[in-house]
Amino acid sequence: MQSMSNEKMLEEIKQAEDQIAERIADNMDTFGVSSTVGRLLGIIYMNRTAMTLDELADHTGMSKTRMSQVMRQMMALNIAEKEFIKGSRKEHYTVEDDYTQTFISLFTTSWKEVVSKNMTLERRLRDRITKLEQAQGDEAAPEVKDRIRALKQELDDWAAYYNWIHRLVAFFESGEIFDVVPVKEPGSEDNQKGGTSHG
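Per this note's numbering, residue 1 is the first one in the sequence shown, and the count goes up by one each step.
This is the structure in C-alpha cells:
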C-alpha cells in the first residue's frame with residue numbers, strides 16, 4: 001500500500017472532522033435548534049479549544065454580531081460557556097465536550113420551556129371554566145354541562161401528560177437516567193455512569 005504524505009493525511013483528517021461538525025449541525029434540527037447553533041457547536045468542538053467571536057466569524061463567514069447572538073443562545077441552552085484565557089482581552093467560548101450531556105442540556109432546556117408554557121395555559125383555562133360554571137349555576141343546558149365536563153377531563157389528561165414530562169426532565173437532570181440506560185453497554189470495559197466525552 002502506498003504511503004500518504006503528512007500533508008495528505010492531515011487533509012483527510014480535516015475532511016473527517018468537517019463531516020463530524022456538519023453532522024452535529026444537522027442533528028440540532030431534532031431539538032428544534034437552528035443549524036447555526038449546531039454549526040458553531042461543531043466548529044468549536046472540533047477545534048478542541050476555546051474560540052473568539054472573530055475566529056467564529058472567520059470560520060462561518062457570518063458577522064461578529066451574529067456570532068455573539070448565537071453564542072448567547074447556546075449559553076442559554078447550557079451547551080456553551082465563556083472561558084477566561086490569561087493574557088487575552090477577547091472573550092473566548094467553549095462548548096460542552098460530552099455528547100450525552102449536550103443531549104440532556106438540549107432536551108431538558110427545551111422541554112422545561114414547553115412544560116412551563118402549557119401548565120400556564122392549563123391554569124388559565126381552568127380559571128375560565130370556573131367562571132363559566134359560576135356564571136351558569138344549575139341553569140346550564142345539558143350540552144353546556146357535558147362540554148365543560150369533557151373539557152375538564154381533557155385538562156386533567158393534559159396536566160398528567162406535562163407532569164410526566166416534568167418528571168422525565170428531572171430524571172435526566174439528576175443523572176438517574178444513567179442507572180437505567182448506561183452510556184456504555186453493560187459488560188463493556190469502560191462502562192460508566194456519566195457521559196461520553198467528545199474529545
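Cβ atoms here follow ideal geometry from the backbone N, Cα and C, with glycine treated the same way. It should be emphasised that the depicted structure is a prediction, and the values quoted were computed from it without experimental measurement.
According to DSSP, residues forming a beta bridge with residue i
i, result
"T52", "H92"
"A80", "V95"
Terminal residues of the alpha helix (DSSP H) in which residue i lies
i, result
"S35", "S35 to N47"
"M9", "N6 to N27"
"F171", "P142 to E173"
"I85", "Segment: none, I85 is in no alpha helix (DSSP H) and carries neither H nor E."
"V180", "I177 to V180"
Close-in-space but distant-in-sequence residues of the same chain around residue i (CB under 7 Å, 5 per side omitted)
i, result
"L125", "L155"
"E17", "M46"
Beta-carbon gap between residue i and residue j smaller than 7 Å
i, j, result
"V95", "A80", "yes"
"A50", "Y93", "yes"
"M62", "V37", "no"
"I43", "A57", "no"
"M119", "Y161", "no"
Close beta carbons around residue i, own chain, < 6 Å, minus the five adjacent residues each side
i, result
"V114", "none"
"S68", "L53"
Residues of its chain near residue i, where Cβ-Cβ distance is below 8 Å and the 5 sequence neighbours each way are ignored
i, result
"F171", "I177"
"K90", "T52, L53 and D54"
"V169", "F107, T108, W111, K112 and V115"
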